[in-house]
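Here is the structure we will look at.
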Amino acid sequence: MATAPDHLFVLRNNFYLGAFQAAINNSDLPNLSPEDAIERDCLVHRSYIALGSYQLVISEIDESAATPLQAVKLLALYLSSPENKQSVISSLKEWLADSAIGSNAILRLIAGIIFMNEEDYNEGLKHTHAGGTMELHALNVQIFIKMHRTDFAERQLRVMQQIDEDHTLTQLANAWLNLAVGGSKIQEALLIFQDFSEKYPMTGLILNGKAVCCMHMGNFEEAETLLLEALNKDAKDPETLANLVVCSLHLGKPSSRYLNQLKIAHPEHLLIKRVSTAEDSFERAVQSVA
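All residue numbers in the sequence shown are consecutive under the working numbering, ending with 335.
Written out as structure tokens, the structure reads:
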């Protein structure tokens, strides 16, 4: 029996690889089923979120929208302002406890993303560990890596490889795990990002992936070239700015401009929090010996 064509393949792939504007621009797809139309709309709105257009998503998704879209709106609300976080988490927990919608894959995915962002990994895994979609499996890999449990991440990757070894998310998850393990695995991660760059248009995600591999291998000048190319694509991308801070420090170059850009555009970024904590500790140490 012939397999039905996957009308959303290109759109999904653009989203996974960080080509968010391309995902938005090429989303006018004919003859979609109602389920595919909802998935398409979720991917488009998540692309807008990735580009920082939170208010657009909040205003476009109304109360009558399907559960997956309501979940995407929650993510936009969560990211739009620190003041929204607690109310969003309360709503999220309420929805997840509702037997009618709690098992929805997109709702569980958004829950995983938000709880991962909150560094509440066990709570995130409560909703993502059962899997069900490649995105949920890939998110599990990310969460396990953040928990420094590469053994669990590897198990999850094997599940993805059994489903579809060539899937973009399987390849990405493999690269993330290789970077986390380090050593000889860095070269394998670089080959994955190199393969992406030959198959698909270059994105900030691919450039950052290659740059991080180069930094692990001590090739900071090459990493800087890749990161500056990524910065040309998106001057506010948090990972590019954070990686440029690290790369500049290793090259003995000033990093304050990138750090200030990151602080202004993404004050909640982990690097900013760590710098702030280090500065506070230093200040306390100075005062204790003054």
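Backbone N, C-alpha and C define an ideal beta-carbon position, used for all residues, glycine too.
Leucine 181 vs arginine 153 beta-carbon contact at 9 Å: yes
Do alanine 68 and asparagine 59 have their CB atoms nearer than 9 Å? yes
For alanine 310, I'd like the list of residues in its chain whose CB is within less than 6 Å of its CB, leaving aside the five on either flank, ordered along the chain. Lys281
Three or more C-beta pairs closer than 8 Å, one from the region 231 to 243 and one from the region 257 to 264: is that the case here? yes
Excluding the 5 residues preceding and the 5 following serine 72 in the sequence, name in chain order all residues of the same chain whose CB lies nearer than 7 Å to its CB. Leu56, Arg85, Val89
Specify whether the region 227 to 234 and the region 201 to 217 touch according to this definition: at least 3 beta carbon pairs, one from each stretch, less than 8 Å apart. no
How long is the line joining the alpha carbons of isoleucine 252 and methionine 161, rounded to whole angstroms? Checking the displayed sequence, the identity of residue 252 turns out to be leucine instead of isoleucine. About 24 Å.
I'd like the list of long-range same chain contacts for leucine 96, defined as Cβ closer than 6 Å, with 5 residues on each side in sequence excluded. Phe65
Can you tell me the Cβ-Cβ gap for histidine 314 and leucine 304, rounded? I've got them flagged as a contact below 8 Å. That pair is no contact at about 10 Å.
Could you give the C-beta distance for alanine 156 and histidine 172, rounded to a whole number, given that I count them as a contact under 8 Å? 4 Å
8 Å Cβ shell around glycine 63 - same chain, five flanking residues per side excluded: Ala95, Thr248, Gly249, Leu250, Ile251
So is arginine 91 buried or exposed if we call it buried at 16+ other beta carbons inside 10 Å? buried
Mind pulling the alpha helix (DSSP H) runs of 4 or more residues that sit fully within the region 276 to 311? 283 to 296, 301 to 310
Helix, strand or coil at histidine 193 according to DSSP, with G and I counted as helix: coil
I believe proline 113 touches isoleucine 83 by the beta-carbon criterion, under 8 Å. Please report the beta-carbon distance rounded to the nearest angstrom. 6 Å
Apart from the five residues just before and just after cysteine 87, which ones in its own chain have a Cβ nearer than 7 Å to its Cβ? Pro113, Leu114, Val117, Ile151
Local Cβ density within 10 Å of aspartate 279, reported as buried at 16 or more and exposed below that: buried
Taking the continuous alpha helix (DSSP H) assigned at proline 75, which residues delimit it? No alpha helix (DSSP H) holds proline 75; DSSP gives it neither H nor E.
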